[in-house]
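Here the working numbering is used: the first residue of the sequence shown is 9, the next is one more, and so on.
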Amino acid sequence: MVLASLPVFLTPHSQLLTLFKVFIYPCMEYSSHVYGPLADEDRIFTNLYGRHDWRLKGAMSRGDWYKTKEILNKGHEWILGEIKTSGLRGRGGAGFPTGMKWSFMNKPSDGRPKYLVVNADEGEPGTCKDREIMRHDPHKLVEGCLVAGRAMGARAAYIYIRGEFYNEASNMQVAINEMAATKSGCHKNVATKSDEKERSGSGYTRNSEPQKTHK
């Protein structure tokens with residue numbers, strides 16, 4: 009019997025789960041799965057390898073900040089609806105629907121402010137993603153903060169950056185300053201202030217204001 013060969017320290021439930029993962033799941037076919045390279049329009053991060061200009065002009069040439077003002081002005085309900093329809097899910101392992109998670113935050117105010125906090129510490133073992141995004145695609149993160157913050161009704165967004173990521177933090181601040189200096193309609197939503205206070209883990213925070221929209 010297969011179960012008898014599984015480690016004895018596993019509970020019966022764990023043994024069945026292991027059996028499913030090892031023997032049954034690999035044999036299941038999903039016709040909806042299509043494997044292969046992403047189409048260009050499906051690529052979210054377009055400069056992770058730093059082959060292109062990461063500043064505002066280069067970022068906009070690759071689609072960043074395209075109609076972002078219109079998206080913000082459509083309001084939180086429209087944004088949440090689009091995120092739910094897209095099927096976007098978290099990448100933490102549970103695959104929780106992002107639209108549902110965001111909707112939990114946008115409740116009637118009880119007087120306390122809401123904040124969007126971005127964990128860019130990259131503290132997970134074996135990961136190397138946050139610093140590449142901040143170093144080579146910082147405008148994507150700033151734009152994402154505004155859209156997510158608008159959907160959740162956040163008053164401000166704070167990006168926590170590991171203290172050792174000096175270049176990455178510098179690029180993020182440049183991106184914030186660049187967008188705040190434009191007249192695109194989104195510039196009034198981006199604060200130039202950098203709250204550089206030492207936190208635990210020797211990190212820094214970067215601030216932007218995502219809630220109010222301006223025509």
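Every residue gets a Cβ at the ideal spot worked out from N, C-alpha and C, and that includes glycine. Note that the structure is a prediction, hence the values are computed from the model and not measured.
Buried or exposed for residue 108, going by 16 or more other Cβ atoms inside 10 Å? By the neighbour-count criterion, in which 16 or more other beta carbons inside 10 Å mark a residue as buried, residue 108 falls on the exposed side.
So what's residue 105 in DSSP terms, helix, strand or just coil? Under the three-state reduction of DSSP output, residue 105 falls in the strand class.
Just list the residues that DSSP pairs residue 125 with in beta bridges. Answer is 166.
Compute the Euclidean distance between the alpha carbons of residue 7 and residue 54, then round it to the nearest angstrom. Outside the shown range of the chain (9 to 223) lies residue 7, about which nothing can therefore be said.
Closest by C-alpha distance to residue 150, when choosing among 114, 57 and 72: It is 72.
Going by the DSSP bridge assignment, what does residue 99 pair with across the sheet? Per DSSP, none; premise fails for residue 99.
In the structure shown, what three-state DSSP assignment does residue 74 receive? Coil at residue 74, not helix or strand.
Chain-order list of residues whose beta-carbon lies under 6 Å from that of residue 126 (same chain, five-residue window excluded): So the qualifying residues of the chain are 167.
6 Å CB neighbourhood of residue 38 in its chain, flanking five on each side removed: Because the pLDDT of residue 38 is 47, which lies under 50, any placement of that residue in the model is unreliable, and the number read from its coordinates should be weighed accordingly. No residues qualify anywhere along the chain.
Return the first residue and the last residue of the alpha helix (DSSP H) that residue 64 is part of. Per DSSP, residue 64 belongs to the alpha helix (DSSP H) from 64 to 69.
Closest to residue 50 by CA distance: which of 187, 59, 57 and 70 is it? Out of 187, 59, 57 and 70, 70 has the C-alpha closest to the C-alpha of residue 50.
Taking 8 Å as the limit between beta carbons, can you name the residues of its chain near residue 156, skipping five residues before and five after? Exclusion of the five residues before and after residue 156 leaves 110, 124, 162, 165 and 218 as the residues of its chain whose Cβ lies within less than 8 Å of its Cβ.
Output yes or no for whether 9 Å exceeds the beta carbon distance between residue 87 and residue 158. Judged by beta-carbon spacing, residue 158 lies within the 9 Å limit of residue 87, meaning their Cβ atoms are closer than that value.
Which of helix, strand or coil does DSSP assign to residue 61? The three-state reading of DSSP puts residue 61 in coil, since its state is none of H, G, I, E or B.
Suppose contacts are defined by Cβ-Cβ distances below 9 Å. Is residue 62 in contact with residue 145 by that definition? Yes, Cβ-Cβ distance for residue 62 and residue 145 is below 9 Å.
If residue 122 sits next to residue 160, beta carbons under 8 Å apart, how far is it from one beta carbon to the other, in whole angstroms? Indeed, because the Cβ distance is near 6 Å, the residues count as touching under 8 Å.
Burial state of residue 46 (16 or more Cβ within 10 Å): Classification for residue 46: exposed.
Report yes if the C-beta distance between residue 179 and residue 143 is below 9 Å; otherwise report no. Contact annotation: residue 179 and residue 143 have beta-carbon atoms nearer than 9 Å.
In the DSSP assignment, find the unbroken alpha helix (DSSP H) run with residue 55 in it and report its ends. For residue 55, no alpha helix (DSSP H) encloses it, and the DSSP letter there is neither H nor E.
Does the beta-carbon of residue 173 have 16 or more other beta-carbons within 10 angstroms, so that it is buried, or is it exposed? Classification of residue 173: buried, given that the 10 Å Cβ count is 16 or more.
Helix, strand or coil for residue 130? Go by DSSP, reduced to three states. The three-state reading of DSSP puts residue 130 in coil, since its state is none of H, G, I, E or B.
Would you report the Cα separation of residue 128 and residue 187, rounded to the nearest angstrom? Looking at the two C-alpha atoms, the distance is approximately 20 Å.
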